[in-house]
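Engineer:
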Amino acid sequence: MNGMRRIYKHLFLVFLVFCIAQKLISANEPVINKNEQSSHQTEEKFNPGEFIFDHINDSYSWHILSFKNFELAIPLPVILYSKHTGWHIFMSSKFHHGHSSYQGFEIAKDGQNKGKVIEIFENGSTIVPFDISITKNVFALLISLALLLWIFLSIAKKYKQNPQKAPSGLQSLLEPLILFVRDDIARPSLGDHKYEKYMPYLLTVFFFIWFNNMLGIFPTFPGGANLTGNIAITMTLALCTFIITLINGNKNYWVHIVNAPGVPWWLKIPIPLIPIIEIMGLFIKPFVLMVRLFANMLAGHIIALGFFSLIFIFGAMNALLGSSVSIFSVAFAIFMTMLELLVAFIQAYVFTLLSAIYFGMATEEAHH
Amino acid sequence: MSTLLIILQAVANNAIGIMGAGIGAGLAVIGAGIGIGRIGASAMDAIARQPEAVGDIRSNMIVIAALVEGAAFFAIVVCFLVIIFLKPA
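If you read the sequences in order, they're chains A and B. Those letters in the first sequence? Residues 42 to 409, per the working numbering, in order. Those letters in the second sequence? Residues -6 to 82, per the working numbering, in order.
1) Please compile the residues from chain B whose C-beta is within a distance smaller than 8 angstroms of the C-beta of residue 336/A.
2) In chain B, which residues lie with their C-beta within 8 angstroms of the C-beta of residue 228/A?
3) Would you mind sorting residue 186/A into buried or exposed? The rule is 16 or more other CB atoms within 10 Å of its CB.
4) Could you tell me the boundaries of the beta strand (DSSP E) in which residue 107/A lies?
5) Assess, as a yes-or-no matter, whether the segment 112 to 120 of chain A is touched by the segment 172 to 181 of chain A under the definition of 3 or more beta carbon pairs within less than 8 angstroms.
6) For residue 128/A, list the residues DSSP reports as bridge partners.
7) Going along the chain, which residues of its own chain have a beta-carbon closer than 6 angstroms to the beta-carbon of residue 162/A, five neighbours each way excluded?
8) Beta-carbon within less than 7 angstroms of residue 43/B's beta-carbon, same chain only, minus the 5 sequence neighbours each way: which residues are those?
9) Is residue 46/A close to chain B, meaning its C-beta is less than 9 angstroms from at least one C-beta of that chain?
10) At 3 residues or longer, and completely inside the segment 276 to 301 of chain A: list those beta strand (DSSP E) runs for me, N to C.
11) Within the 9 angstroms Cβ cut-off, does residue 75/B reach chain A?
12) Find the residues of chain A that neighbour residue 56/B, judging by a C-beta separation of less than 7 angstroms, and give them in chain order.
13) Report back the beta-carbon spacing between residue 387/A and residue 59/B to the nearest angstrom; my notes put them in contact at under 8 angstroms.
14) Helix or strand or just coil, what does DSSP make of residue 349/A?
15) Which of the three DSSP states is assigned to residue 147/A in this structure?
16) Under 9 angstroms between beta-carbons, which chain A residues line up against residue 3/B? List them in chain order, please.
17) So if I threshold CB-CB distances at 9 angstroms, which residues from the segment 319 to 333 of chain A count as touching chain B?
18) With H, G and I counted as helix, E and B as strand and the rest as coil, what does DSSP make of residue 160/A?
19) If you drop the 5 nearest sequence neighbours on each side, which residues of the same chain put their C-beta closer than 6 angstroms to that of residue 66/A?
20) I need the straight-line Cα distance from residue 11/B to residue 80/B, nearest angstrom please.
21) Please state if the CB of residue 330/A and the CB of residue 392/A are separated by a distance shorter than 9 angstroms.
22) Under 8 angstroms Cβ-Cβ, which residues of chain B neighbour residue 93/A?
23) Between 402/A, 213/A and 47/A, which lies nearest to residue 295/A when the distance is taken from Cα to Cα?
24) If we cut at 9 angstroms on Cβ distances, does residue 397/A have a partner in chain B?
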């Protein structure tokens, strides 16, 4: 067994030296390389920024793969309302991947509205119509919604039918997590008497964020849509937490914000410093929730995509260099994906925990 | 020193802004690294003192690390916005 390991180690070292030697040799032939690169440029030059942004941004069709000139993409419905011509509903395949216009609409290629549908009038001016299309992110949202409903409705049905039976199947997979949310997130923050009211929201938020984070790591359809890395989604989640905190704030909570007991009077009159700071805190806490989830997910996706683009950047210089870099690049990308799986769970946990803590603070009774 | 300032004025355009954004992101990560390192160090000390509290300490450590990282991510998002919205003149 030891003999085999030594052979592999020697083979690996020889391969490494071979790659480095090849790179050094080919560095002395700049003319030939330049010709290769210019012919490369007339076909397609790999643009890493564009590659990364295409995978992160929303789009009107779900791109699955493209091979030379053949592109496989799922067209999605485009639903527009224009003040001049009324409702328009059509499939995004009419745009032919952004190259043609249809019924006076086309996808803007640059400028302020890059990537969005704009309406073009005869005199050349453009305007953005009211757009409620089913884009890639909306479709991914519907897919994760269907997944969540299917899983949890079937678990609930099993519990309702036979409450005394030991859990099995999907139940036994998710029961530890549901109990984790109840015993480690809801009960410590909210107290044993009040936590039940908030359990539906906390469970929903936890599993929604976790499932969508995991689906974002998945490379292809039905995953691979950067949903939680979209600030509109995280803003909506943070807004839900904010609204529930406001609605459930009891008198003690508001008194603490406006007229905190134990604070000297000269911090409240003439300039109400402490109330201003407390009200800013009221808005900053959900804002931070939003940015934390958004930035974590976006950064994870950009890093993983960046490692993969390294292969293509080096491959454009020299094919052998590209293949040798690909070993390390794939190894790093695997490591980053493992880290992203962990971060997916941690971000869901932290969002839910902080929401529970805010609800707890809003419903806290005064202690004397 | 004055020559440096004259040269700096001559080349002052959006490129310096983009470089500033890059430097800002790096500084933000230094802060996050130091903060999370300290959290890890105290967590190790606490676990060494009382090994049966490992579960509690671990969950608190992760929560606080996420909060500190949130602060660093603010700076990163701002730098990212600067790079996106600043057109090289």
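Just so you know, even glycine gets a beta-carbon here, dropped at the ideal spot from N, CA and C. The structure presented is a predicted model; accordingly, all values stated were derived computationally and were not measured.
Structural biologist: Here's the rundown:
1) The sequence position of residue 336/A within the first sequence is 295, counting from 1. For residue 336/A, the C-beta contacts it makes with chain B under 8 angstroms involve 63, 66, 67, 69 and 70, in order along the chain.
2) Taking the first residue of the first sequence as position 1, residue 228/A is located at position 187. Within chain B, no residue comes near residue 228/A; the closest Cβ sits about 14 angstroms away, beyond 8 angstroms.
3) Mapped onto the first sequence, residue 186/A falls at position 145. Exposed: under 16 other Cβ atoms inside 10 Å.
4) In the first sequence, the residue the question calls residue 107/A occupies position 66. Residue 107/A: member of the beta strand (DSSP E) spanning 102 to 108, first to last residue.
5) Yes, the segment 172 to 181 of chain A touches the segment 112 to 120 of chain A.
6) For the purposes of this step, residue 128/A is taken as the residue at position 87 of the first sequence. BP columns for residue 128/A point to 122/A.
7) Here residue 162/A refers to the residue found at position 121 when the first sequence is read from its first residue. Excluding positions up to five away in sequence, the list is empty.
8) The residue given as residue 43/B occupies position 50 in the second sequence. There are no such residues.
9) Looking up residue 46/A in the first sequence gives position 5. With 9 angstroms as the cut-off, residue 46/A does not count as an interface residue toward chain B.
10) DSSP runs (the beta strand (DSSP E)) wholly in the segment 276 to 301 of chain A: none.
11) Working through the second sequence from its first residue, we reach residue 75/B at position 82. Not closer than 9 angstroms to any Cβ of chain A, the Cβ of residue 75/B fails to qualify, so no.
12) Position 63 of the second sequence, counted from the start, is the residue given in the question as residue 56/B. The contacting residues are 391 and 394.
13) As a position in the first sequence, residue 387/A is number 346, starting the count at 1. As a position in the second sequence, residue 59/B is number 66, starting the count at 1. The Cβ separation is near 6 angstroms, so the contact holds.
14) Sequence index remark: in the first sequence, residue 349/A carries index 308 (1-based). In the three-state reduction of the DSSP assignment, residue 349/A falls in the helix class, which pools H, G and I.
15) Walking along the first sequence from the start, residue 147/A turns up at place 106. Residue 147/A falls in the strand class under three-state DSSP.
16) Translated into the one-based positions of the second sequence, residue 3/B becomes position 10. Correct list: empty, because the minimum Cβ distance to chain A is about 29 angstroms.
17) Taking 9 angstroms as the Cβ-Cβ cut-off against chain B, the residues of the segment 319 to 333 of chain A that qualify are 329, 330, 332 and 333.
18) Your numbering for residue 160/A matches position 119 in the first sequence. Three-state result, residue 160/A: strand.
19) Counting from 1 along the first sequence, the entry for residue 66/A is found at position 25. In this prediction, residue 66/A scores a pLDDT of 48, lower than 50, which makes its location untrustworthy; no coordinate-derived value is stated.
20) Within the second sequence, residue 11/B is the residue found at index 18, counting from 1. Within the second sequence, residue 80/B is the residue found at index 87, counting from 1. If you draw a straight line from the Cα of residue 11/B to the Cα of residue 80/B, it comes to about 9 angstroms.
21) In the first sequence, counting from the first residue as 1, residue 392/A sits at position 351. In the first sequence, counting from the first residue as 1, residue 330/A sits at position 289. The answer is yes: Cβ separation under 9 angstroms.
22) Working through the first sequence from its first residue, we reach residue 93/A at position 52. Within chain B, no residue comes near residue 93/A; the closest Cβ sits about 12 angstroms away, beyond 8 angstroms.
23) Reading the first sequence from its first residue, position 254 is the one you call residue 295/A. It is 402/A whose Cα lies nearest to the Cα of residue 295/A.
24) As a working mapping, residue 397/A is identified with position 356 in the first sequence. Residue-level contact by beta carbon fails for residue 397/A and chain B, as no gap is shorter than 9 angstroms.
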